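J.:
Number of protein chains: 2
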Amino acid sequence: MALEQDIRQEKFDNEFHKTAINILYTSSWLYNLNALRLKPFGITPEQFNVLRILRGSHPKPLMLADITCRMIDKNSNATRLVEKLRQKDFVQRTVCEGNRRQVDIKITPRGLKLLESIDKESSGWTASLKNISKAEAQELNRILDKLRD
Amino acid sequence: MALEQDIRQEKFDNEFHKTAINILYTSSWLYNLNALRLKPFGITPEQFNVLRILRGSHPKPLMLADITCRMIDKNSNATRLVEKLRQKDFVQRTVCEGNRRQVDIKITPRGLKLLESIDKESSGWTASLKNISKAEAQELNRILDKLRD
DNA sequence: ATTCAATAGTTGTATAGACAATAATAGTGT
DNA sequence: ACACTATTATTGTCTATACAACTATTGAAT
Numbered sequence: 002m003a004l005e006q007d008i009r010q011e012k013f014d015n016e017f018h019k020t021a022i023n024i025l026y027t028s029s030w031l032y033n034l035n036a037l038r039l040k041p042f043g044i045t046p047e048q049f050n051v052l053r054i055l056r057g058s059h060p061k062p063l064m065l066a067d068i069t070c071r072m073i074d075k076n077s078n079a080t081r082l083v084e085k086l087r088q089k090d091f092v093q094r095t096v097c098e099g100n101r102r103q104v105d106i107k108i109t110p111r112g113l114k115l116l117e118s119i120d121k122e123s124s125g126w127t128a129s130l131k132n133i134s135k136a137e138a139q140e141l142n143r144i145l146d147k148l149r150d
Numbered sequence: 002m003a004l005e006q007d008i009r010q011e012k013f014d015n016e017f018h019k020t021a022i023n024i025l026y027t028s029s030w031l032y033n034l035n036a037l038r039l040k041p042f043g044i045t046p047e048q049f050n051v052l053r054i055l056r057g058s059h060p061k062p063l064m065l066a067d068i069t070c071r072m073i074d075k076n077s078n079a080t081r082l083v084e085k086l087r088q089k090d091f092v093q094r095t096v097c098e099g100n101r102r103q104v105d106i107k108i109t110p111r112g113l114k115l116l117e118s119i120d121k122e123s124s125g126w127t128a129s130l131k132n133i134s135k136a137e138a139q140e141l142n143r144i145l146d147k148l149r150d
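Line order of the protein sequences matches chains Z and Y.
Residue numbers for the first sequence follow the numbering used here, so the first one is 2 and each next one is one higher.
Residue numbers for the second sequence follow the numbering used here, so the first one is 2 and each next one is one higher.
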């Protein structure tokens, strides 16, 4: 019912069509929640994602291609996202000595501190999803993975 | 398994965190498939969505606010999407006589013909989702709706 | 050594999302 | 009639996605 009301559409071509719309709509809903909670910290969901990726490999740096392949949206432009983060001093860029084509990117102490305070002061998405049970979350994950197979 | 490999991330904070990422990632995957199939027709998924909304109410026109509230992404800018469609002669804009603040938007015969040929010549998203059963699609829809409650 | 292909990243341009400011029109109350 | 408010749409600016063209560097083959 929710979806039909949210986009004022009573009928779909079939159950699969509805599923497609439902995923896109729910994704947009989730994204907006996330953007809202991150806004006080002066960071976008995409930038946050890059920072988390860099924290994941810290203290080892990553090159741009590494970041890209870990990103949720592969078509995004890591160069420009990283540049935004560098301007705010959340990451550091160094041309790699061993291979001067590649750029080593590391999260800075300031970047780590930012993530820490976001973890502490914000309940995160998890809170937004607690409306479903853990079993339902697992089922959702299973079906979504199967979908893309 | 799929998700962990696709974004090279072995661990998530918890099942709900994984669910959030999974929805965003699957949405991006779906969006790209849809963009790809629409590209030969010279139209984007967002423009396609607006056209379908207009066909839904045809021959009755809609005003911009009507389109916005039916759109998957409410933050999008209907004015500019409609203008793109008008330039291609897929929709028609007329200032409403009864209330000169609002603009009546109608799909043109050319717009209807475009949708028809897309329906005919393209298998649509439905095909991309047929990897799951109808029961699974229903379950997915149920959980997603509950999620956003 | 020179050429050629592969790798890594940057840049340009079009489209769209986020959000605030503004303009135009209509309706309401006095 | 006048001021005030609400409605409807447009515009500006920043961020991000989509995709192709381009630069620089490295590695491989002859």
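Positions of the beta carbon are idealized from the N, C-alpha and C atoms, including for glycine.
Because the structure is a prediction, the values reported are computed rather than measured.
Assuming the contact rule is C-beta atoms closer than 8 Å, leucine 141 of chain Y and isoleucine 144 of chain Z should be a hit. Round their C-beta distance to whole Å, please.
T.: About 5 Å separates the two Cβ atoms, so the contact holds.
J.: Give the range of the alpha helix (DSSP H) segment to which lysine 107 of chain Z is assigned.
T.: Counting along the chain, lysine 107 of chain Z falls outside any alpha helix (DSSP H), though it belongs to the beta strand (DSSP E) covering 104-108.
J.: Going along the region 68-81 of chain Y in order, which residues come within less than 9 Å of chain Z, judged by CB to CB distance?
T.: Within the region 68-81 of chain Y, the residues whose Cβ lies closer than 9 Å to some Cβ of chain Z are Cys70, Arg71, Met72, Ile73, Asp74, Lys75, Asn76, listed in chain order.
J.: How big is the Cα-Cα spacing for lysine 121 of chain Z and isoleucine 106 of chain Z?
T.: Using only the alpha carbons, I get a separation of about 25 Å.
J.: Which chain Z residues are close to aspartate 105 of chain Y, counting only those with a beta carbon under 7 Å from its beta carbon?
T.: Per Cβ cutoff of 7 Å: no residues; aspartate 105 of chain Y is ~18 Å from chain Z at best.
J.: What does asparagine 100 of chain Y touch in chain Z if you count any residue whose Cβ is under 9 Å from its own?
T.: Simply none; closest approach about 20 Å.
J.: Buried or exposed: serine 29 of chain Z, going by 16 or more other Cβ atoms within 10 Å of its Cβ?
T.: The residue in question, serine 29 of chain Z, is buried, as its Cβ has 16 or more Cβ neighbours within 10 Å.
J.: Please name the residue in Y/Ala3, Y/Gly125, Y/Met64 whose C-alpha comes closest to that of arginine 101 of chain Y.
T.: Among Y/Ala3, Y/Gly125, Y/Met64, the Cα nearest to that of arginine 101 of chain Y is on Y/Met64.
J.: Under 8 Å, Cβ to Cβ, is there at least one residue of chain Y near threonine 109 of chain Z?
T.: For threonine 109 of chain Z, the answer is no, since every Cβ of chain Y falls outside 8 Å of its Cβ.
J.: Should asparagine 50 of chain Z go down as buried or exposed, given a rule of 16 or more other Cβ atoms within 10 Å for buried?
T.: The residue in question, asparagine 50 of chain Z, is buried, as its Cβ has 16 or more Cβ neighbours within 10 Å.
J.: Given that glutamine 139 of chain Y touches chain Z, what residues does it touch there, using C-beta distances under 8 Å?
T.: Residues of chain Z passing the Cβ test: Glu16.
J.: Can you list the residues of chain Z that lysine 131 of chain Y reaches, using a CB-CB cut of under 9 Å?
T.: The answer, in chain order, is Phe17.
J.: List the whole-angstrom C-beta distance separating isoleucine 133 of chain Z from leucine 148 of chain Y, where the pair is believed to meet the contact cut-off of C-beta under 8 Å.
T.: Yes, isoleucine 133 of chain Z and leucine 148 of chain Y are in contact; Cβ-Cβ is about 5 Å, under 8 Å.
J.: Only counting runs of 4 or more residues, tell me where the alpha helix (DSSP H) segments fall wholly within the region 60-85 of chain Y, in order along the chain.
T.: Fully enclosed alpha helix (DSSP H) runs of 4 or longer: 65-71.
J.: Would you decide whether lysine 19 of chain Y is buried or exposed? Buried here means 16 or more other CB atoms lie within 10 Å of its CB.
T.: The residue in question, lysine 19 of chain Y, is buried, as its Cβ has 16 or more Cβ neighbours within 10 Å.
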